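Q:
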Amino acid sequence: MIIDDDTSVDVGEHTPAWLVIAAGDDREHGGNDGYDDAPSQHYSWDSTVANRDGPQEGHIIVLRNTKVLLGVSVIDKLVTGKTNKLRYRCPACARADFKPRKDLRPKYVCLKCEHKFDEPVSRVEQVTTYRTDHAATWIDLHGVLTKEQLRDLCVKPKSQLSIRPFRYSLFHDLLGSRSGLPQLGLVDARVRAIAGGHRRALVRVRQGQGPFRTQLLAQYGDHCAFTGPTPREALEAAHLYSYASTGEHQEGGGLLVRRDVHTLFDRGFLAVEPELLRIDVVDALHGYDLYKSLHGAPLQVGLTDKQRAWVAAHWATHR
Numbered sequence: 001m002i003i004d005d006d007t008s009v010d011v012g013e014h015t016p017a018w019l020v021i022a023a024g025d026d027r028e029h030g031g032n033d034g035y036d037d038a039p040s041q042h043y044s045w046d047s048t049v050a051n052r053d054g055p056q057e058g059h060i061i062v063l064r065n066t067k068v069l070l071g072v073s074v075i076d077k078l079v080t081g082k083t084n085k086l087r088y089r090c091p092a093c094a095r096a097d098f099k100p101r102k103d104l105r106p107k108y109v110c111l112k113c114e115h116k117f118d119e120p121v122s123r124v125e126q127v128t129t130y131r132t133d134h135a136a137t138w139i140d141l142h143g144v145l146t147k148e149q150l151r152d153l154c155v156k157p158k159s160q161l162s163i164r165p166f167r168y169s170l171f172h173d174l175l176g177s178r179s180g181l182p183q184l185g186l187v188d189a190r191v192r193a194i195a196g197g198h199r200r201a202l203v204r205v206r207q208g209q210g211p212f213r214t215q216l217l218a219q220y221g222d223h224c225a226f227t228g229p230t231p232r233e234a235l236e237a238a239h240l241y242s243y244a245s246t247g248e249h250q251e252g253g254g255l256l257v258r259r260d261v262h263t264l265f266d267r268g269f270l271a272v273e274p275e276l277l278r279i280d281v282v283d284a285l286h287g288y289d290l291y292k293s294l295h296g297a298p299l300q301v302g303l304t305d306k307q308r309a310w311v312a313a314h315w316a317t318h319r
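Residue numbers are given in full-length UniProt numbering: position 153 of the sequence shown equals residue 153, and the series is strictly consecutive.
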């Protein structure tokens with residue numbers, strides 16, 4: 001798919017956004033055993049949840065717990081599957097909409113038929129599972145807004161669903177009016193990169209990636225090209241060209257790069273100025289000291305003429 005370049009993409013108006021609840025152990029319903037959520041990395045749900053098909057790759061996801069905002073990101077990957085799940089139901093009406101009653105007995109009350117009971121009926125059902133990967137552009141905003149403030153930014157403020165359409169443009173404006181908060185530029189930049197740029201989306205399995213990394217380790221040792229000495233376990237073999245376009249491991253076409261830096265380089269958040277070979281970091285990352293310190297710094301390894309050409313092509317694409 002090729003999408004026309006449009007640098008005027010209005011983030012939030014044209015990109016779907018979702019407010020989701022990562023309740024952890026502090027859940028108000030008893031219809032299942034919960035989900036494996038790590039809010040800064042991934043969010044999980046299944047086909048028993050309303051709006052289950054809403055969040056998609058490239059959409060904005062805003063996460064809260066039962067009380068406050070946790071953070072915001074962009075869904076880079078959505079993995080689906082099938083599993084058998086133990087579900088619990090009201091013994092009177094067989095609905096899964098019930099919740100525990102704190103310090104009261106019977107323990108549960110059904111929200112549909114108001115039946116009160118101590119033990120729900122359980123049974124195994126096959127469900128479709130969904131799990132996001134949104135770690136790359138996560139912005140931590142823990143406690144900046146309350147659940148009530150977030151509710152008012154939903155398309156339907158009175159909704160009680162755990163996945164709700166969200167008015168990100170209002171959220172963006174609200175946070176932008178406050179000083180001292182992390183900027184949302186990283187999310188905005190990622191959305192614009194998805195929405196524009198005449199970029200062709202290609203996916204290819206990286207056959208031979210293991211030998212490619214082994215060769216780079218023999219050449220460079222445990223050394224990230226951007227940050228210097230790095231534990232081997234955190235180093236990845238980064239292509240300086242689009243492997244998805246060629247399907248080939250070009251000789252001399254890679255560098256060893258720390259895992260997080262590799263992701264940011266692939267997406268253009270980091271680039272290398274081709275004349276002086278100094279690292280350029282987009283403004284959206286300057287709120288993070290770890291990455292701001294790289295801005296203007298020299299590469300930690302020398303480049304061949306061929307590598308310089310690939311770095312220049314990457315620069316031309318992203319700068």
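Beta carbons are placed, not taken as given, at the ideal position from N, Cα and C, and that holds for glycine.
Bear in mind that the values here come from a model prediction, so they are computed numbers and not experimental data.
Would you mind sorting proline 39 into buried or exposed? The rule is 16 or more other CB atoms within 10 Å of its CB.
A: Start at 1 with the first residue of the sequence shown, and residue 39 comes out as number 39. Per the 10 Å Cβ criterion, buried.
Q: Leaving out the 5 sequence neighbours to the left and right, which residues in its chain are closer than 6 Å to arginine 319 when beta-carbon positions are compared?
A: Here residue 319 refers to the residue found at position 319 when the sequence shown is read from its first residue. Excluding sequence neighbours, arginine 319 sits near Ala271.
Q: For the alpha helix (DSSP H) holding tryptophan 310, just list the boundary residues, first then last.
A: By one-based count along the sequence shown, residue 310 stands at place 310. Tryptophan 310 -> alpha helix (DSSP H) spans 305-318.
Q: With C-beta atoms as the reference, is glycine 54 less than 9 Å away from proline 211?
A: Mapped onto the sequence shown, residue 54 falls at position 54. Mapped onto the sequence shown, residue 211 falls at position 211. In this structure, proline 211 does not lie closer than 9 Å to glycine 54 by Cβ.
Q: Measure how close the beta-carbons of glycine 71 and tryptophan 138 come, nearest whole angstrom, since I'm counting them as under 8 Å.
A: Locating residue 71 in the sequence shown gives position 71, counting from the first residue. Locating residue 138 in the sequence shown gives position 138, counting from the first residue. Right, their Cβ atoms sit about 6 Å apart.
Q: Any chance you could list the beta strand (DSSP E) runs of at least 3 consecutive residues sitting entirely within the stretch 142-194, in chain order?
A: With a minimum length of 3 residues, the continuous beta strand (DSSP E) runs that stay inside the stretch 142-194 are 163-165.
Q: Relative to the C-alpha of threonine 132, which residue among Asp97, Ile163 and Gln56 is closest?
A: Position 132 of the sequence shown, counted from the first residue, corresponds to residue 132. Nearest C-alpha to threonine 132: Gln56.
Q: Alanine 201 to alanine 193, Cα distance in whole Å?
A: Counting from 1 along the sequence shown, the entry for residue 201 is found at position 201. Counting from 1 along the sequence shown, the entry for residue 193 is found at position 193. The predicted position of alanine 201 is uncertain, since its pLDDT is 38 and thus under 50; no value can be drawn from it.
Q: Using DSSP with H/G/I as helix, E/B as strand and the rest coil, what is lysine 292?
A: As a working mapping, residue 292 is identified with position 292 in the sequence shown. Helix at lysine 292.
Q: Which residues in the same chain have their Cβ closer than 7 Å to the Cβ of histidine 239, if we skip the five residues on either side of it in sequence?
A: Counting from one through the sequence shown, the residue named residue 239 turns up at place 239. Gly253 and Gly254, listed in sequence order.
Q: If you follow the alpha helix (DSSP H) that threonine 263 is in, where does it begin and where does it stop?
A: Within the sequence shown, the letter at position 263 stands for residue 263. Run containing threonine 263: 259-266, per the alpha helix (DSSP H) assignment.
Q: Would the stretch 110-129 count as touching the stretch 79-87 if we require 3 or more Cβ pairs under 8 Å?
A: Contact holds: three or more Cβ-Cβ distances are below 8 Å.
Q: Who does proline 298 pair with in a DSSP beta bridge?
A: Position 298 of the sequence shown holds residue 298. Partner(s): Arg278.
Q: Please report the Cβ distance between glycine 75 and valine 20, rounded to the nearest whole angstrom; I am assuming they are in contact, meaning their Cβ atoms lie under 8 Å.
A: One-based indexing of the sequence shown puts residue 75 at position 75. One-based indexing of the sequence shown puts residue 20 at position 20. At residue 75 the sequence reads isoleucine, which differs from the glycine that was named. Not a contact, Cβ separation roughly 11 Å.
Q: Can you tell me whether alanine 316 is buried or exposed? The criterion is at least 16 other CB atoms within 10 Å of its CB, across all chains shown.
A: As a working note, residue 316 is residue 316 in the sequence shown. Result: exposed.
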